[in-house]
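J.:
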Amino acid sequence: MDYFQDQSSITQTRGIFTTSTLLQIVSTIAVILYLASKSLNSIFQRLYFVPPNDFRDVIQVATESNSGLLKSSRVGIKTASLRRRLIMGSISPQSYSTLPLNTTTNDNTVVDNTDRKFYRLRVNKKDRENKESFLKNIKPLEPSDFRRKKLFGFFHPFSYASGGGEKVLWEAVISTLEADKNNVAVIYTFTDGKDFSVFSILERVNKTFGINFFTDARSDMRKRIVFIHLPDKYQWLIKGESYKFLSIVGQAIGSIILLFIGLNQLVPDIYIDTIGLPFTYSIVHLLLGLPIISYVHYPTVSRDMLKSASLMPGIRGILKYYYWLVLLKLYAFNLVWSDITLFNSTWTAENVQAALGLELVNKEEEDHIRSHILYPPCVCYDDTNFDQINVPSLISKKRKRCITYVAQFRPEKRHDLLFRHYKEYLNKLNGTEPYSLILIGSLRSANDEELVNKLKELIKNLNIPESHISFIFNASNDEVDRWLLDAEFGINCMWKEHFGIAVVEYMLHGEIPLVHASAGPLEDIVVPRIKDKAASYKGATRSVKNNPEERTGLFFKDKNDPDYDGSAVSYPTLSEMLLMATSLSDSEKQVMRTNCLFNAREKFGRGVFSSKWKGYVYEISTIEEKVRSKRGEVERVY
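According to our numbering, the sequence shown is numbered sequentially starting from 7.
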């Protein structure tokens, strides 16, 4: 017995020794990394912010030449710091973009934005004409100087695209520029072709999102948008399909490479991520000391991934679990460097907090997180027609007996679930006229077309009359608006839709939403209206059991939901929800429609996003001034 006790004692001693040694090693590494980051921070700030000692002479020589070019031999590795000086002194910072300003030249030749000449540093003509004031303004300024320009760097490589993330980007850009005349927006971006220019990107922004930078009133704003072109040949670095395995690791490394490509041309004062590349944050903070705003659309890594991996059998499950665990720790490590972290929904906020290993244990912490939920801009900043909408007419409008479903044709949108329950709904109507389904979505690829064909085959196999279901592909915004204004209901079948902008669109057009009881639709959008005010997230879960006069929509759950735990007892099935919608009286629908419209306008209307974003701009500007003041005597003024 003594022998085994001795052995147990030895094992415990070894365990303690091993743990102690491991802690010492980790602590030592942490100290080394901290000291290294401090040294590197000084080196990188000197490299990217502080220009050569003779920078005034170099720039003055360029102002006196016909071309305005700075001599390459005098620029060297100081491109970023010299470009900062040129922007600081300029009346038109945009001219120091690394993209051509226009798509064609004076002789109508189409430009090639891959031409290296667009990366050369050149004093523009107007600054050369105003040489005296330009040379005066390139001088360094103290952090508190009210004349100092602040460069807000938006790292959004696909800024030219037409998705929800890009809508957030451009609403944030115009709000940032409007917040202060000294704010400059720097967009780090790829382009959609060699002929893309500053003009063509801003023109697309106007056509897609209705944000017009070309009005006379916004000429000054337009001049304060600088584009730093990330070479298009490197797009594969941050595309998941580029990697056959370890795709998140590949994208993380790729995003850091892209970051340095952009920083070599220009370093901002404030770093803003609106696309979701969190693995860049530690680099930005530790090496450059920049304050960071992060707008999170969706957690890159979540504890749900760990949970799913833990349920996988065998060695593959073990490897996947630890792969996700390491990524989760790295994700959390990067997120802590963000000074202001914003979330597009309650679900996203809670999942990011879980990734950080945090629990909201008191009301103060909960309120802090709530204050950082910034819903995506659902109504265009420039949509002044929105202010003229006659709400009473939307409420009383006679509508068609149909249900719209606006969604891309992807498996997670669960169109197949809708059709199966729609068949049950038809079987239980007992002679009542059914509501028809209008499916509105884009066909982007062969995969989309294949899914649509499968859905049509399913409709046929279920013996649903063709007259009851319509597909509308690649509809224009005007066509979608017409359908939403005409239909009685709008449906969303996705499980855990992190936000659900289509549901907001339903409500703004006067449709009554029929949605899955989870995530954004449940917690943020289809919330009851209590005492003439949209309920807080605490009151959101009452939206099934609340007073009928407070309701804004109907909910369902399904036994095929990944997290199904019998809670469907509290919620109807999809087919039961459809029957409930059909049985609503005109007065009940009018009450719900009224609640929908006022809630949606209150929470997601025009200007709501912009006013909140400006508050964060002021907050991060204050942080930037404090951070800059703590730098070295030279670094802080550049």
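Each residue gets a CB set at the ideal place from its N, CA and C atoms; glycine is no exception.
In this text the structure is predicted, and so the values were computed from the model without any measurement.
Starting from the N-terminal side, write out each stretch of the alpha helix (DSSP H) that is 4 residues or longer and does not extend beyond the segment 295-320.
T.: The qualifying runs are 309-316.
J.: Please state if the CB of G516 and the CB of L603 are separated by a distance shorter than 8 Å.
T.: Looking up residue 603 in the sequence shown gives position 597. Looking up residue 516 in the sequence shown gives position 510. For L603 and G516, yes; Cβs fall inside 8 Å.
J.: Could you give the residue range of the alpha helix (DSSP H) that holds K429?
T.: Counting from 1 along the sequence shown, the entry for residue 429 is found at position 423. Its alpha helix (DSSP H) spans residues H421 to N433.
J.: By the DSSP assignment, the beta strand (DSSP E) with C384 in it spans what residues?
T.: The residue you call residue 384 lines up with position 378 of the sequence shown. No beta strand (DSSP E) holds C384; DSSP gives it neither H nor E.
J.: Measure from the alpha carbon of V640 to the alpha carbon of each residue in V56, L46 and S45, then state which is nearest.
T.: Reading the sequence shown from its first residue, position 634 is the one you call residue 640. When each option's Cα is compared against that of V640, the closest is V56.
J.: Under the three-state reduction of DSSP, which class applies to E439: helix, strand or coil?
T.: The residue given as residue 439 occupies position 433 in the sequence shown. E439: coil per DSSP, three-state reduction.
J.: With burial defined as no fewer than 16 other Cβ atoms inside 10 Å of the residue's Cβ, what is the status of W330: buried or exposed?
T.: As a first step, residue 330 must be located in the sequence shown, where it is residue number 324. With 16 or more Cβ atoms within 10 Å of its Cβ, W330 is classed as buried.
J.: Below 8 Å on the Cβ atoms is my guess for M227 versus K155; work out the distance and round it to an integer in Å.
T.: Here residue 227 corresponds to residue number 221 of the sequence shown, with the count starting at 1. Here residue 155 corresponds to residue number 149 of the sequence shown, with the count starting at 1. Between K155 and M227 the Cβ distance is about 14 Å, and since that is not below 8 Å, they are no contact.
J.: Beta-carbon within less than 6 Å of D118's beta-carbon, same chain only, minus the 5 sequence neighbours each way: which residues are those?
T.: As a first step, residue 118 must be located in the sequence shown, where it is residue number 112. Once the five neighbours on either side are set aside, the close Cβ partners of D118 are K200.
J.: Using DSSP with H/G/I as helix, E/B as strand and the rest coil, what is P146?
T.: Numbered from its first residue, the sequence shown carries residue 146 at position 140. P146: coil per DSSP, three-state reduction.
J.: Rank N605, E555 and F495 by C-alpha distance to the C-alpha of A587 and give the top, closest one.
T.: Stepping through the sequence shown from its first residue, residue 587 is reached at position 581. Of the listed residues, the one whose Cα sits closest to A587 is F495.
J.: Return helix, strand or coil for E494, following the three-state DSSP convention.
T.: Position 488 of the sequence shown, counting from 1, holds the residue named residue 494. Strand.
J.: Just to confirm my understanding: we take L449, look at its own chain, exclude 5 residues before and 5 after, and list those with CB closer than 8 Å. What are they?
T.: Position 443 of the sequence shown holds residue 449. So the list reads F415, E455, V458, F479 and N480, once near-sequence residues are dropped.
J.: Check P57 in the structure and name its three-state DSSP category.
T.: As a first step, residue 57 is located in the sequence shown; it is residue number 51 there, counting from the start. P57: coil per DSSP, three-state reduction.
J.: In this structure, what does DSSP give as the bridge partners for K620?
T.: Taking the sequence shown and counting its residues from 1, the one referred to as residue 620 is at position 614. Answer is none; K620 lacks a bridge partner.
J.: Touch check for the segment 185-193 and the segment 287-302: three-plus C-beta pairs under 8 Å?
T.: At 8 Å Cβ cutoff, the stretches do not touch.
J.: Could you spell out the range, first to last residue, of the beta strand (DSSP E) harbouring A191?
T.: The residue you call residue 191 lines up with position 185 of the sequence shown. Where A191 is concerned, the enclosing beta strand (DSSP E) stretches over N189 to T195.
J.: G447 by DSSP, collapsed to three states: which one?
T.: Taking the sequence shown and counting its residues from 1, the one referred to as residue 447 is at position 441. If DSSP states are grouped into helix, strand and coil, G447 belongs with the strands.
J.: For C499, which of helix, strand or coil comes out of DSSP?
T.: By one-based count along the sequence shown, residue 499 stands at place 493. Of the three classes helix, strand and coil, the one that applies to C499 here is coil, per DSSP.
J.: When the Cα of L520 is compared with those of S473, L491 and P578, which residue comes out closest?
T.: Counting from one through the sequence shown, the residue named residue 520 turns up at place 514. Here the closest residue by C-alpha is P578.
J.: Suppose the cutoff is 6 Å on Cβ atoms and the five residues either side in sequence are ignored; what does the same chain contact list for L461 look like?
T.: Start at 1 with the first residue of the sequence shown, and residue 461 comes out as number 455. If we look at L461 and ignore the five residues flanking it on each side, its Cβ neighbours are H421.
J.: Could you tell me the alpha carbon to alpha carbon distance between R557 and E582, rounded to whole angstroms?
T.: Here residue 557 corresponds to residue number 551 of the sequence shown, with the count starting at 1. Here residue 582 corresponds to residue number 576 of the sequence shown, with the count starting at 1. Going from the Cα of R557 to the Cα of E582 covers about 17 Å.
J.: Do you know how far the Cα of A413 is from the Cα of W489?
T.: Along the sequence shown, one-based indexing puts residue 489 at 483. Along the sequence shown, one-based indexing puts residue 413 at 407. Distance between the alpha carbons of W489 and A413: 14 Å.
J.: Does the distance from the C-beta atom of A525 to that of E511 stay below 8 Å?
T.: Looking up residue 525 in the sequence shown gives position 519. Looking up residue 511 in the sequence shown gives position 505. No.
J.: Report the three-state DSSP secondary structure of S377 (helix, strand or coil).
T.: If you number the sequence shown from 1, residue 377 lands on position 371. Residue state, collapsed to three classes: coil.
J.: Apart from the five residues on each side of it in sequence, which residues of its chain come closer than 8 Å, Cβ to Cβ, to V597?
T.: For the purposes of this step, residue 597 is identified with residue 591 of the sequence shown, where counting begins at 1. These residues qualify, in order along the chain: P554, E555 and R557.
J.: Grouping DSSP H, G and I as helix and E and B as strand, with all else coil, what is G159?
T.: Within the sequence shown, the letter at position 153 stands for residue 159. Correct three-state label for G159: strand.
J.: Taking just the CA atoms, how far does K245 sit from V648?
T.: This structure does not reach residue 648, given that the chain is present from 7 up to 644, and the question cannot be answered.
J.: Roughly how many angstroms lie between the CA atoms of L435 and L208, to the nearest whole one?
T.: The residue you call residue 435 lines up with position 429 of the sequence shown. The residue you call residue 208 lines up with position 202 of the sequence shown. Whole-angstrom Cα-Cα distance: 51 Å.
J.: DSSP puts K406 in a beta bridge; with which residues?
T.: Mapped onto the sequence shown, residue 406 falls at position 400. K406 pairs with A493.
J.: For F355, count the other beta carbons within 10 Å of its own beta carbon; 16 or more makes it buried, fewer makes it exposed. Which is it?
T.: If you number the sequence shown from 1, residue 355 lands on position 349. The identity of residue 355 in the sequence shown is Ala, whereas the question assumes Phe. Buried, because 16 or more other Cβ atoms sit within 10 Å of the Cβ of A355.
J.: How do the segment 98-106 and the segment 227-240 stand: do at least 3 beta-carbon pairs fall below 8 Å, yes or no?
T.: Yes, they touch.
J.: Would N136 pass as a contact of I180 if the rule is Cβ separation under 8 Å?
T.: The residue given as residue 136 occupies position 130 in the sequence shown. The residue given as residue 180 occupies position 174 in the sequence shown. Cβ distance not < 8 Å, so N136 and I180 don't count as in contact.
J.: Would you say G282 and Y304 are within 8 Å of each other, going by their C-beta atoms?
T.: Within the sequence shown, the letter at position 276 stands for residue 282. Within the sequence shown, the letter at position 298 stands for residue 304. Yes; because the gap between Cβ atoms is below 8 Å, this pair is in contact.
J.: To which residues does DSSP link T110 through a beta bridge?
T.: To locate residue 110, count along the sequence shown from 1; it is residue 104. V116.
J.: Beta carbon of L334, beta carbon of V358: below 8 Å?
T.: As a working note, residue 334 is residue 328 in the sequence shown. As a working note, residue 358 is residue 352 in the sequence shown. Not a contact, by the Cβ cut-off of 8 Å.
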